[in-house]
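Asker: First the structure, which I've put down as structure tokens, then a few questions once you've had a look.
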Amino acid sequence: RESAKKWPRSDALVSCHEKVTYSYKELLERSEQIAEGLVGLGLPKQARIGILAPNCKEWTVTQLAASLADLVLVNINPAYQTTELEYALKKVGVSALVMTSGFKSSNYIESINQIAPEVFENKTSQKLPELKHLILIGKEKHKGTMNFNDLYGISCHEYLHRGLEV
């Protein structure tokens with residue numbers, strides 16, 4: 171927030187491969203909106219959210235949003251295969267997973283479906299009982315997931331009262 175006040179128009183995020191640049195002000199605004207959306211999903215303070223994605227603008231926005239919403243961000247190695255992914259998700263108990271559909275030879279949708287198919291039916295998974303939300307980065311749509319950009323449209327009164335400083 172301090173940087174957004176001092177240098178609102180200066181570049182804060184430059185993603186060359188996506189051809190996107192956000193100023194400090196834009197990055198803060200996007201992060202606050204995503205934070206509000208995450209809280210609007212019902213994630214309580216200190217809930218763990220995982221991010222399973224290669225470098226992308228949403229990764230940075232999610233990182234800042236987690237901090238603003240008083241959530242714990244769990245970075246999951248995008249090179250993990252299904253067995254490693256299952257171990258990591260069980261170990262940390264994520265409530266939400268922000269993810270791309272895959273990366274290189276990994277198909278994350280297929281991996282999650284092998285581990286916890288119930289999540290795609292909005293049911294509690296035996297293997298991953300804490301996982302309630304799959305948030306998909308990109309244009310693809312899959313049953314049981316929501317699009318990352320849909321978080322921008324969720325308003326939540328509770329978020330405004332968390333009052334955290336970054």
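Under the working numbering, think of the first position of the sequence shown as 171, with each following residue one higher. Even for Gly, the Cβ is constructed at its ideal location relative to N, Cα and C. From a predicted model like this one, the values you see are computed outputs, not experimental measurements.
1) What's the C-alpha gap between glutamine 216 and cysteine 226?
2) Check this for me: beta carbons of phenylalanine 290 and lysine 313, under 7 Å apart or not?
3) Secondary structure at glycine 263, three-state DSSP: helix, strand or coil?
4) Would you check if there are 3 or more beta carbon pairs closer than 8 Å linking the segment 273-292 to the segment 252-265?
5) Buried or exposed for histidine 303, please, with buried defined as at least 16 other CB atoms from any protein chain shown within 10 angstroms of its CB.
6) Identify the residues that DSSP records as bridge partners of aspartate 181: which are they?
7) Taking only the alpha-carbon atoms, compute the straight-line gap between threonine 232 and tyrosine 278 and give it to the nearest angstrom.
8) From this set, Glu196, His187, Ser265 and Glu188, which residue's C-alpha is nearest tryptophan 177's C-alpha?
9) Three or more C-beta pairs under 8 Å: does that hold for the segment 236-255 against the segment 293-303?
10) Suppose you measure from the CA of isoleucine 324 to the CA of lysine 311; what does that come to, to the nearest Å?
11) So leucine 306 and phenylalanine 318 are supposed to be a Cβ contact under 8 Å. How far apart are they, rounded?
12) Looking at leucine 208 and alanine 239, is the spacing between their C-beta atoms short of 7 Å?
13) Tell me the rounded alpha-carbon separation between glutamate 288 and glutamate 199.
14) Contact defined as beta carbons within less than 8 Å: I believe tyrosine 192 pairs with serine 180. What is the distance between those atoms, to the nearest angstrom?
Answerer: Taking the coordinates as given:
1) 24 Å
2) yes
3) coil
4) yes
5) buried
6) Ser193
7) 18 Å
8) Glu196
9) no
10) 18 Å
11) 6 Å
12) yes
13) 34 Å
14) Wrong, their Cβ atoms sit about 10 Å apart, outside the cutoff.
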